[in-house]
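Participant: To start, I am sharing the structure in question, which I have written as structure tokens.
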Amino acid sequence: MLNRLQLTATVEREAELRYTPAGLPVLEMWLKHQSRQREADLERDVACEIQAVLIGKEAPRWSGKLAGQQIAASGFLAQRSLRNPRLVLHIEHVEFVKG
Amino acid sequence: MSNEWRVEVALDVPLPGTFTYLADSPLPAGTRVAVPFGSRRLAGVVLGPGAQEGDADKLKRVDAVLDELPPLPSDWLELVRFVAGYYHAPIGQVVATALPTALRDAAPVRLADARPWRLSAAGSLAEPPAARAKAQRALWLALVEGPLTREAARALAGQASRLLADWEAAGWLERVDVDWRGAPVAAGPELTAAQADALAQIGAREGFSAWLLFGVTGSGKTEVYLRLIEKTLAEGRQALVLIPEINLTPQLLSRFAARFPATPLAALHSGLSDGERLSAWADAWRGRAGIVIGTRLAVFTPLARLGIVIVDEEHDGSFKQQDGVRYHARDLAVWRAHRAGVPVVLGSATPSLETLYKVESGRYRLLRLAERAHASARLPAVRVLDVRRQKLAEGLSEAAVETLRAAKRRGELSLVFINRRGFSPVIACGDCGWSSGCRHCHAKMVLHLKERRLRCHHCGAIEPVPHACPDCGNVDLSPVGHGTQRIEDALARLVPGARVLRIDRDSTGRKDAWDAIYRRVHGGEVDILVGTQMLAKGHDFPALSRVIVVNADAGLYSADYRATERLFAVLTQVAGRAGRADSPGEVLVQTQWPDHPLFAALIAHDTLGYAKTLLAERGSAALPPITCQAILRADAPDIVDANAFLEAVRDALVPPRGVSVLGPVPALMARLAGRERAQLIVEAPQRAPLHAFLDAWRPDLEAAARRAGRALRWSLDVDPQEL
Numbered sequence: 030m031l032n033r034l035q036l037t038a039t040v041e042r043e044a045e046l047r048y049t050p051a052g053l054p055v056l057e058m059w060l061k062h063q064s065r066q067r068e069a070d071l072e073r074d075v076a077c078e079i080q081a082v083l084i085g086k087e088a089p090r091w092s093g094k095l096a097g098q099q100i101a102a103s104g105f106l107a108q109r110s111l112r113n114p115r116l117v118l119h120i121e122h123v124e125f126v127k128g
Numbered sequence: 014m015s016n017e018w019r020v021e022v023a024l025d026v027p028l029p030g031t032f033t034y035l036a037d038s039p040l041p042a043g044t045r046v047a048v049p050f051g052s053r054r055l056a057g058v059v060l061g062p063g064a065q066e067g068d069a070d071k072l073k074r075v076d077a078v079l080d081e082l083p084p085l086p087s088d089w090l091e092l093v094r095f096v097a098g099y100y101h102a103p104i105g106q107v108v109a110t111a112l113p114t115a116l117r118d119a120a121p122v123r124l125a126d127a128r129p130w131r132l133s134a135a136g137s138l139a140e141p142p143a144a145r146a147k148a149q150r151a152l153w154l155a156l157v158e159g160p161l162t163r164e165a166a167r168a169l170a171g172q173a174s175r176l177l178a179d180w181e182a183a184g185w186l187e188r189v190d191v192d193w194r195g196a197p198v199a200a201g202p203e204l205t206a207a208q209a210d211a212l213a214q215i216g217a218r219e220g221f222s223a224w225l226l227f228g229v230t231g232s233g234k235t236e237v238y239l240r241l242i243e244k245t246l247a248e249g250r251q252a253l254v255l256i257p258e259i260n261l262t263p264q265l266l267s268r269f270a271a272r273f274p275a276t277p278l279a280a281l282h283s284g285l286s287d288g289e290r291l292s293a294w295a296d297a298w299r300g301r302a303g304i305v306i307g308t309r310l311a312v313f314t315p316l317a318r319l320g321i322v323i324v325d326e327e328h329d330g331s332f333k334q335q336d337g338v339r340y341h342a343r344d345l346a347v348w349r350a351h352r353a354g355v356p357v358v359l360g361s362a363t364p365s366l367e368t369l370y371k372v373e374s375g376r377y378r379l380l381r382l383a384e385r386a387h388a389s390a391r392l393p394a395v396r397v398l399d400v401r402r403q404k405l406a407e408g409l410s411e412a413a414v415e416t417l418r419a420a421k422r423r424g425e426l427s428l429v430f431i432n433r434r435g436f437s438p439v440i441a442c443g444d445c446g447w448s449s450g451c452r453h454c455h456a457k458m459v460l461h462l463k464e465r466r467l468r469c470h471h472c473g474a475i476e477p478v479p480h481a482c483p484d485c486g487n488v489d490l491s492p493v494g495h496g497t498q499r500i501e502d503a504l505a506r507l508v509p510g511a512r513v514l515r516i517d518r519d520s521t522g523r524k525d526a527w528d529a530i531y532r533r534v535h536g537g538e539v540d541i542l543v544g545t546q547m548l549a550k551g552h553d554f555p556a557l558s559r560v561i562v563v564n565a566d567a568g569l570y571s572a573d574y575r576a577t578e579r580l581f582a583v584l585t586q587v588a589g590r591a592g593r594a595d596s597p598g599e600v601l602v603q604t605q606w607p608d609h610p611l612f613a614a615l616i617a618h619d620t621l622g623y624a625k626t627l628l629a630e631r632g633s634a635a636l637p638p639i640t641c642q643a644i645l646r647a648d649a650p651d652i653v654d655a656n657a658f659l660e661a662v663r664d665a666l667v668p669p670r671g672v673s674v675l676g677p678v679p680a681l682m683a684r685l686a687g688r689e690r691a692q693l694i695v696e697a698p699q700r701a702p703l704h705a706f707l708d709a710w711r712p713d714l715e716a717a718a719r720r721a722g723r724a725l726r727w728s729l730d731v732d733p734q735e736l
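Chains as they are written, first to last, in this note's numbering: chain X, 30 to 128; chain P, 14 to 736.
As structure tokens, then:
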């Protein structure tokens, strides 16, 4: 099944690094995206916000460095929890975008 | 054969009744013997002459008489007979429970004679050793001065043991029988009026009398015990003191030893080796210990000259044995005092409903110590904080955190009480709803983050913390709820600079742990204690200023009808930690049910009033202690087998009018350690018909158990404390 999102965005806010009970590092962040896209043969403004999370050994390396930065992130989407259907981007790959 | 006698022997085997053996002499009741049983050799105790019917050829002979101790006294034999009858337990099992472990083996024991030596009449006339034998002479001259213990003699001469033995064999030395009459007693504090009145009331009665010494925390109950013991010792009699395991600390023992420095004291607790326990037990029985102080098992200590029985913290659950012979040491203590015709004093700040009911019905007398012993120490102010609409940080309200910060700024010691050890009582997956259930029990596995383990607090199972949800694969599992470890971590963040010390079963497991805790707390190295109900017990920490109760609500609406009684007791005891010294304390209880009557009583320190409310509830629901209860428990790998057994025995005998048998119902913990559990509840308004029914029922239980096979286990619990 396809489930893939690539997004260039600014990291609005970054949570403090936390750990799962088994000791995996978890970095949560809030992304803000703004761009121009084509729709029905016309250019338009697009803006969206989405929560993202980076889990695993990459997380401590990025922790504290992301807030305010522009990143290119890719990963899959999942809902926030059983009861909360809001989407969260689970980041598999991230890099800074030189502005 | 002419010199052949039959004796009745109690053996610790899983069979009811006693066994008849042949002996060369009419062994007196209470003699310990070794007998063949099947292919084994077992220790047993002679209960009396054996049955005369039956063929002597079929009987086996007693192997050996283990008579290094005199036969057990008749009142001890009466006690074990009573226990076997009342708790419907096999007499052999009761005897084995009541004896120290060292006496359960079919082997002779060696008992050191700890009595001191003194010169005999012949010794006083003998020539002292020559001056060149320096050590010998020093030892001899010390004996001329007065009696010497082995320890004192060893300090004088390296070969003291051999010298003492030689001189005793020569008839120059004799043993001094212990007599603590006239032994020095250290001065105690001046008595309060209430303490003096309590002592006067107890002293005014001859023979058996039962007393509830109801004293608020810090009111000086121990001082009353010490004065009662002093009086008993002065009459040359012994005092039996029962104490919950957790309260029987070196500090408490040294308090007794400091008051009675020359009176031999036998302490019986789980920290002793088998040999130490045996010698303490034997000292008590031979009348060589003036004070016998111990946990529930000490109630079985034979005492040659019993003068008083004291049960401290009589409400404590640890007095009830929960497996094997399910006796209640407090109740047996009262029975013993009654038999011996001596007073029994039950002390508590939160008396059990059982005891209060006996006060109400006039069987026990009430003594009150309503004020704290220090004139300046007042009971703490209790405040109930409604947390239903509050935002909590790690389970702590803003008010609680601010209270702790303020106490820290003043340099005062605070306590945060949370009755749950570990980090969080469960971990769960937010994506699919999975949670960490124990595969063996009907319970959740608790997250212990420090060891990165999940542990079941019921069966002891241990697992690594799962890396990902076993159902859906989500790695971001969450700890749900709060335990001591989590509060400890949170406080370090929420109260800047605070030195936090956690006290629970995990942090106090090591043998010297309490020493280190006392050192740190009394040395002023701690700002906040975080702990479980361990902290509710008698530990005397100085100047506790603020107490926060994090989550007390689990006990308010429980399926166990004793839950509110226990919660009230534990909260009163925890609150009692506050304001013991000169500073008035404050207690803050966080709850979602601020209107529960329990809290109103807690604020008013109205223990007796709340007990009356609870007793009325028990009465209208026909529950103990107003009625009498027994539980027949059964467990098996499959609930079907447990239920089949219980249904069979329920239908085997129709109970008489006034006795009802309810069930089978699942146990409160329906599955434990891989076994599924159910029970029948036997109830009666009166004790006698209940016991008559249980007596008649017993053969049916055993027959049904034989038919059910090995997978089924069952037990009968009279006056159960747990459902």
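Positions of the beta carbon are idealized from the N, C-alpha and C atoms, including for glycine.
Does the count of Cβ pairs from the region 483-492 of chain P and the region 211-231 of chain P closer than 8 Å reach three?
Facilitator: Segments in contact, no.
Participant: Counting only Cβ-Cβ distances shorter than 7 Å, please list the residues of the region 474-499 of chain P near chain X, keeping chain order.
Facilitator: Within the region 474-499 of chain P, the residues whose Cβ lies closer than 7 Å to some Cβ of chain X are Val478, Pro479, His480, Val488, Asp489, Leu490 and Pro492, listed in chain order.
Participant: When Cβ atoms are compared, which residues of the region 384-412 of chain P fall closer than 9 Å to chain C?
Facilitator: Looking for chain C here will not work: the only protein chains present are X and P.
Participant: Could you check which residue in P:Tyr100, P:Leu714, P:Val662 and P:Leu255 has the C-alpha nearest to that of P:Asp336?
Facilitator: What you label residue 336 of chain P is simply residue 323 of the second sequence in a count that begins at 1. Closest by alpha carbon: P:Tyr100.
Participant: How close, in whole Å, do the beta carbons of X:Ile84 and X:Val40 come, if the pair is a contact with beta carbons under 8 Å?
Facilitator: For the purposes of this step, residue 84 of chain X is identified with residue 55 of the first sequence, where counting begins at 1. For the purposes of this step, residue 40 of chain X is identified with residue 11 of the first sequence, where counting begins at 1. Not quite, the Cβ-Cβ distance comes to about 16 Å (not below 8 Å), so this is no contact.
Participant: Do the CB positions of P:Glu258 and P:Ser331 come within less than 7 Å of each other?
Facilitator: Within the second sequence, numbered from 1, the residue matching residue 258 of chain P stands at position 245. Within the second sequence, numbered from 1, the residue matching residue 331 of chain P stands at position 318. A contact, by the Cβ cut-off of 7 Å.
Participant: Starting from P:Tyr100, trace the beta strand (DSSP E) in both directions and tell me its first and last residue.
Facilitator: Here residue 100 of chain P refers to the residue found at position 87 when the second sequence is read from its first residue. Where P:Tyr100 is concerned, there is no enclosing beta strand (DSSP E), given that its DSSP letter is neither H nor E.
Participant: Compute the distance between the beta-carbons of P:Ile500 and P:Val543, then report whether it is under 7 Å.
Facilitator: Against the second sequence, residue 500 of chain P aligns to sequence position 487. Against the second sequence, residue 543 of chain P aligns to sequence position 530. Contact flag set, yes.
Participant: Mind checking if X:Ile79 is an interface residue toward chain P, Cβ cutoff 7 Å exclusive?
Facilitator: Taking the first residue of the first sequence as position 1, residue 79 of chain X is located at position 50. It does not; no Cβ of chain P falls within 7 Å.
Participant: Could you name the residues of the same chain whose beta carbon sits closer than 6 Å to that of P:Arg299, not counting the 5 residues immediately before and after it, in chain order?
Facilitator: By one-based count along the second sequence, residue 299 of chain P stands at place 286. Closer than 6 Å at Cβ, skipping near neighbours: no residue.
Participant: Listed in chain order, which residues of the region 78-97 of chain X have Cβ atoms closer than 7 Å to some Cβ of chain P?
Facilitator: Per Cβ criterion, the list reads Ile84.
Participant: Going along chain P, which residues have a C-beta under 7 Å from X:Ile50?
Facilitator: Here residue 50 of chain X is taken as the residue at index 21 of the first sequence, counted from 1. Note on identity: in this sequence residue 50 of chain X is Pro, with Ile being the wrong assignment. Within 7 Å Cβ-Cβ: Ile440, Leu460, Leu462, Val478, Leu490 and Pro492.
Participant: Using three-state DSSP, classify P:Pro160 as helix, strand or coil.
Facilitator: The sequence position of residue 160 of chain P within the second sequence is 147, counting from 1. Note: P:Pro160 maps to coil in three-state DSSP.
Participant: Sorted by chain position, which residues of the same chain lie with C-beta nearer than 6 Å to P:Leu212's C-beta, five sequence neighbours on each side aside?
Facilitator: Residue mapping note: residue 212 of chain P aligns to position 199 of the second sequence, counting from 1. Here the set comprises Arg240.
Participant: Can you tell me whether DSSP reads P:Phe332 as helix, strand or coil?
Facilitator: Position 319 of the second sequence holds residue 332 of chain P. In this structure, P:Phe332 counts as helix in the three-state DSSP scheme.
Participant: Among all the DSSP beta bridges, which residues are the ones paired with X:Cys77?
Facilitator: Here the question's residue 77 of chain X lines up with position 48 in the first sequence. Paired residue(s): X:His62.
Participant: For P:Asp540, collect the residues of the same chain with a Cβ closer than 6 Å to its Cβ; drop the 5 residues on either side in sequence, then sort them by chain order.
Facilitator: Position 527 of the second sequence, counting from 1, holds the residue named residue 540 of chain P. Taken in chain order, the residues that qualify are Lys421, Ala511 and Arg512.
Participant: Contact between the region 182-190 of chain P and the region 214-221 of chain P: three or more CB pairs below 8 Å?
Facilitator: Counting Cβ pairs under 8 Å, fewer than three are found: no touch.
Participant: Which word fits P:Gly522, buried or exposed, when buried means at least 16 other C-beta atoms lie within 10 angstroms of its C-beta?
Facilitator: Taking the second sequence and counting its residues from 1, the one referred to as residue 522 of chain P is at position 509. Looking at its Cβ environment, which holds fewer than 16 other Cβ atoms inside 10 Å, P:Gly522 is exposed.
Participant: Taking the alpha-carbon of X:Gln35 as reference, which of X:Gly104, X:Val82 and X:Val117 has the nearest alpha-carbon?
Facilitator: Within the first sequence, numbered from 1, the residue matching residue 35 of chain X stands at position 6. Looking at the Cα atoms, X:Gly104 is the closest of the given residues.
Participant: Using 7 Å as the limit for Cβ to Cβ distance, is X:Leu111 near chain P?
Facilitator: Within the first sequence, residue 111 of chain X is the residue found at index 82, counting from 1. Answer yes: the Cβ-Cβ gap between X:Leu111 and chain P drops below 7 Å somewhere.
Participant: In three-state DSSP terms, what is P:His282?
Facilitator: Here residue 282 of chain P is taken as the residue at index 269 of the second sequence, counted from 1. Coil at P:His282, not helix or strand.
Participant: Mapping DSSP to helix, strand and coil, what is X:Pro89?
Facilitator: Locating residue 89 of chain X in the first sequence gives position 60, where the first residue counts as 1. X:Pro89 falls in the helix class under three-state DSSP.
Participant: Quick one: give me the first and last residue of the beta strand (DSSP E) that P:Gly544 is part of.
Facilitator: Residue mapping note: residue 544 of chain P aligns to position 531 of the second sequence, counting from 1. Segment Ile541 to Gly544, the beta strand (DSSP E) holding P:Gly544.
Participant: Report yes if the C-beta distance between X:Leu60 and X:Ala88 is below 7 Å; otherwise report no.
Facilitator: Residue numbering aside, residue 60 of chain X sits at position 31 when the first sequence is read from its first letter. Residue numbering aside, residue 88 of chain X sits at position 59 when the first sequence is read from its first letter. No; because the gap between Cβ atoms is not below 7 Å, this pair is not in contact.
Participant: May I ask you to report which of helix, strand or coil DSSP gives P:Val488?
Facilitator: For the purposes of this step, residue 488 of chain P is taken as the residue at position 475 of the second sequence. Of the three classes helix, strand and coil, the one that applies to P:Val488 here is coil, per DSSP.
Participant: Taking a contact to mean a Cβ-Cβ separation below 7 Å, would you say P:Ala394 touches P:Glu236 in this structure?
Facilitator: Here residue 394 of chain P refers to the residue found at position 381 when the second sequence is read from its first residue. Here residue 236 of chain P refers to the residue found at position 223 when the second sequence is read from its first residue. Taking 7 Å as the Cβ cut-off, P:Ala394 and P:Glu236 do not qualify as a contacting pair.
Participant: Assuming P:Ala413 and P:Leu601 form a contact by the criterion Cβ under 8 Å, report the distance between their Cβ atoms to the nearest whole angstrom.
Facilitator: Residue 413 of chain P sits at position 400 when you count from the first residue of the second sequence. Residue 601 of chain P sits at position 588 when you count from the first residue of the second sequence. 6 Å between Cβ atoms; contact.
Participant: Output, in chain order, the set of chain P residues within a Cβ distance shorter than 8 Å of X:Val123.
Facilitator: Translated into the one-based positions of the first sequence, residue 123 of chain X becomes position 94. In chain order: nothing, as chain P lies at least about 17 Å away.
Participant: Given this structure, state the Cα-to-Cα distance separating P:Ala77 from P:Ala529, to the nearest angstrom.
Facilitator: One-based indexing of the second sequence puts residue 77 of chain P at position 64. One-based indexing of the second sequence puts residue 529 of chain P at position 516. The straight-line gap from Cα to Cα measures roughly 49 Å.
Participant: Ignoring anything shorter than 3 residues or poking outside the region 395-430 of chain P, list the beta strand (DSSP E) runs there in chain order.
Facilitator: Counting whole runs of 3 or more residues, the region 395-430 of chain P contains the beta strand (DSSP E) stretches 426-430.
Participant: Could you pull the DSSP bridge partners for X:Ser103 from this structure?
Facilitator: For the purposes of this step, residue 103 of chain X is taken as the residue at position 74 of the first sequence. Per DSSP, X:Gln35 and X:His122.
Participant: Are the Cβ atoms of P:Arg468 and P:Val478 separated by less than 7 Å?
Facilitator: Taking the first residue of the second sequence as 1, we reach residue 468 of chain P at position 455. Taking the first residue of the second sequence as 1, we reach residue 478 of chain P at position 465. Contact: no.
Participant: Starting from P:Gly57, follow the beta strand (DSSP E) in both directions and report where the run begins and ends.
Facilitator: Position 44 of the second sequence, counted from the first residue, corresponds to residue 57 of chain P. Arg53 to Pro62 is the span of the beta strand (DSSP E), which, as asked, contains P:Gly57.
Participant: When the distance is taken between beta carbons, is P:Ala565 closer than 7 Å to P:Thr604?
Facilitator: Residue mapping note: residue 604 of chain P aligns to position 591 of the second sequence, counting from 1. Residue mapping note: residue 565 of chain P aligns to position 552 of the second sequence, counting from 1. Against a cut-off of 7 Å, the Cβ pair of P:Ala565 and P:Thr604 comes out as a contact.
Participant: Please classify P:Pro263: is it buried, with 16 or more other beta-carbons within 10 angstroms of its beta-carbon, or exposed?
Facilitator: Here residue 263 of chain P refers to the residue found at position 250 when the second sequence is read from its first residue. Exposed, by the Cβ-count rule.
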